[in-house]
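A.B. asks: Would you mind keeping the following structure in view while I ask a few things?
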Amino acid sequence: MTRRYPEIAFGDSVKAVQEENGSRGFGQRLENMEWDDRALGDREREHIERLDHFYMATVNEAGWPYVQFRGGPKGFLKVLGPHTLAFADFRGNMQYISTGNVRADDRVALFLLDQARRKRLKIYARAEVREVDDALRSKLVDPAYDAVIERAYLFYVEAFDWNCQQHITPRFSLEEIREAGPEVWAEIRGDTSLGHPSGDSPDNTTGNLRDTTTTVTNTTKRTPS
Ligand SMILES: Cc1cc2nc3c(=O)[nH]c(=O)nc-3n(C[C@H](O)[C@H](O)[C@H](O)COP(=O)(O)O)c2cc1C
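Residues 1496 to 1720 (the working numbering) make up the sequence shown, in order.
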């Protein structure tokens, strides 16, 4: 089975630009690669289950693309099977742009970035919006998470692809900093000695770490694997 991802992504104009830039041969090798990129495997599942957010691109009737953030408790985007993802959609600003777009055109692109591990996965899928019945509720809803659930999105995977790590700055949520331990915390606070500066830990956040996400430079060797 040859790859589906380049079949979708490489339209005629993309192929023309590859030609102009001398990479068409490489593009053809990607197209002819024997790899089932339609079915999510263990690697994709593990990546998706770690995420607390993703980006979803839809397209409207006029052809304009639209990207929106979706966030929730870690693992809120569920892998229901090798070809199916789903999540419970929370009430937001009630503009319903993504949901309206999907009604007209079910094609979506998902961008799944794990900033701490510097991994990104791209997925083409077809979306279905459904009422949250009891069966879906038991699979998708975390009762401990405070949100009004309006609907369920199901994604039927058409193809996926991984990107390289280049230019991804490692960023950590507070939860990931807690998991990473005192070395990372000390670096954020500018303490060159290892270990927690006394009385100052992610559980006792004061001073300059008020956001739930922060950026740590030069921590590649300490990035959680
Ligand atoms: C009270 C409230 C106000 C919001 N305002 C905005 C906003 O101005 N812009 C935005 O992109 N998202 C805003 N959000 C978040 C979006 O509503 C949320 O991400 C939603 O899923 C967007 O879906 P849509 O862009 O597909 O319509 C707001 C959420 C709430 C609860």
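The beta carbon of each residue, even a glycine, is placed where N, CA and C say it ideally should be. If you're wondering where the values come from, they're calculated on a predicted model, not measured in any experiment.
Going by C-alpha distance, which of LEU1572, PRO1560 and GLY1536 is nearest LEU1608?
C.D. replies: The residue with the shortest Cα to Cα distance from LEU1608 is LEU1572.
A.B. asks: Measuring alpha carbon to alpha carbon, tell me which residue in ARG1612, ALA1681 and GLU1502 is nearest GLN1661.
C.D. replies: For GLN1661, the nearest C-alpha among the options comes from ARG1612.
A.B. asks: Here's a check: name, in chain order, each residue in its chain whose Cβ is nearer than 8 Å to the Cβ of VAL1652, leaving out the five neighbours to either side.
C.D. replies: For VAL1652, where only same-chain residues beyond five positions count, the Cβ hits under 8 Å are ARG1533, ALA1534, LEU1535, PRO1577, HIS1578, THR1579, LEU1580, ILE1618, TYR1619 and ALA1620.
A.B. asks: Would you say the beta carbon of GLY1587 is closer than 6 Å to some non-hydrogen atom of ligand 3?
C.D. replies: Of the ligands this structure carries, namely ligand 1, none is ligand 3.
A.B. asks: Would you list, in sequence order, the uninterrupted alpha helix (DSSP H) runs of no fewer than 4 residues that lie entirely inside the region 1616-1701?
C.D. replies: Listed in chain order, the complete alpha helix (DSSP H) runs (minimum 4 residues) inside the region 1616-1701 are 1629-1635, 1669-1675 and 1677-1683.
A.B. asks: What is the rounded straight-line gap between the Cα of VAL1597 and the Cα of GLU1678?
C.D. replies: Answer to the nearest angstrom: the Cα atoms are 45 Å apart.
A.B. asks: Is the Cβ-Cβ distance between PHE1650 and ALA1675 less than 7 Å?
C.D. replies: For PHE1650 and ALA1675, no; Cβs fall outside 7 Å.
A.B. asks: Pick out whichever of PHE1549, ARG1632 and ARG1646 has its Cα sitting closest to the Cα of ALA1604.
C.D. replies: The shortest C-alpha separation from ALA1604 is found at PHE1549.
A.B. asks: Report the option in ASN1555, PHE1655, ARG1684 and GLY1587 whose CA atom is closest to the CA atom of ILE1644.
C.D. replies: Selected option, being the one with the closest Cα: GLY1587.
A.B. asks: Tell whether a beta-carbon distance below 7 Å holds between GLY1522 and PHE1505.
C.D. replies: Closer than 7 Å, so yes.
A.B. asks: Relative to the alpha-carbon of ALA1552, which residue among SER1518, PHE1606, ARG1540 and ALA1583 has its alpha-carbon at the smallest distance?
C.D. replies: It is PHE1606 whose Cα lies nearest to the Cα of ALA1552.
A.B. asks: Tell me the rounded alpha-carbon separation between ASN1699 and HIS1542.
C.D. replies: Legend: pLDDT at ASN1699 = 40, less than 50; position of this residue unreliable, no value from coordinates given.
A.B. asks: Within the present structure, is the beta-carbon of ALA1683 separated from the nearest heavy atom of ligand 1 by less than 6 Å?
C.D. replies: In the sequence under discussion, the amino acid at residue 1683 is Ile, which differs from the Ala named in the question. No.
A.B. asks: Going along the chain, which unbroken runs of the beta strand (DSSP E) with 3 or more residues stay wholly within the region 1519-1583?
C.D. replies: Correct list: 1548-1554, 1560-1566 and 1573-1576.
A.B. asks: Going by C-alpha distance, which of PRO1501, GLU1515 and ALA1639 is nearest MET1528?
C.D. replies: Minimum Cα distance to MET1528 is reached at PRO1501.
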